[in-house]
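Below is one structure, written out as structure tokens, with a few remarks after it.
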Amino acid sequence: MIREASSLLQLCKQLDAVADLGPEDDADVEVMAKASALVQHHDAVTDESTFAVTVFNSNSRSFSGLVTIPYSSKQAMVMGPKGDRVPVQLMKTFQVNSLDTNARAPYELVLPVEVGPLGYATYIVDNSTST
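Just so we're aligned, residue 3 is where the sequence shown starts under my numbering, counting upward by one.
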């Protein structure tokens, strides 16, 4: 539903631009843009304990290595592209008192990834289940 709302918003923006009706009709598009932004906020999306991480490899060779993701939960379970469970390491981040550390995630999730040449792999992170 969120993707459909976003697509409809883009369609309305394009039709408004093509029709060139003037600024009096921009208010309706603005209301729709605000509503779309509200439903896309992470608190509005259900099941926010699960999210996807897509790793893209722009090289012509396969990539096998570690990826670090800022993370806010104390537990994580990660499923790989084939539905298999991926072993991960949860590391506490270095917090410095002189920096604004409220904006930083308290943990980093380190996971091994394998991505083919000019390809991508999507990993599903679930923080409702411990590793």
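Positions of the beta carbon are idealized from the N, C-alpha and C atoms, including for glycine.
Under the three-state DSSP convention, the category residue i falls into
i	result
S8	helix
A46	Confidence at A46 is low in this model, with a pLDDT of 48, below 50, so its placement is unreliable and the value that follows should be read with caution. Residue state, collapsed to three classes: coil.
C14	helix
D128	strand
K94	strand
A39	helix
P72	strand
Close beta carbons around residue i, own chain, < 7 angstroms, minus the five adjacent residues each side
i	result
C14	V31, M34
P108	S74, K94, T95
Same chain, Cβ closer than 6 angstroms to residue i, neighbours up to 5 away in sequence not counted
i	result
D18	V31
T52	D128
P119	S62, R63, S64
N59	F65, V117, G121
A46	Interpretation of A46 is limited by its pLDDT of 48, a score under 50 that renders its predicted location unreliable; no figure is taken from the coordinates.
8 angstroms CB neighbourhood of residue i in its chain, flanking five on each side removed
i	result
L10	M34
D28	D18
Whether residue i touches residue j by CB criterion (8 angstroms)
i	j	result
P83	A39	no
Three CB pairs or more closer than 8 angstroms across the stretch 108-121 and the stretch 60-71: yes
Stretch-stretch touch, CB-based, cutoff 8 angstroms, three pairs: the stretch 72-90 with the stretch 20-40: no
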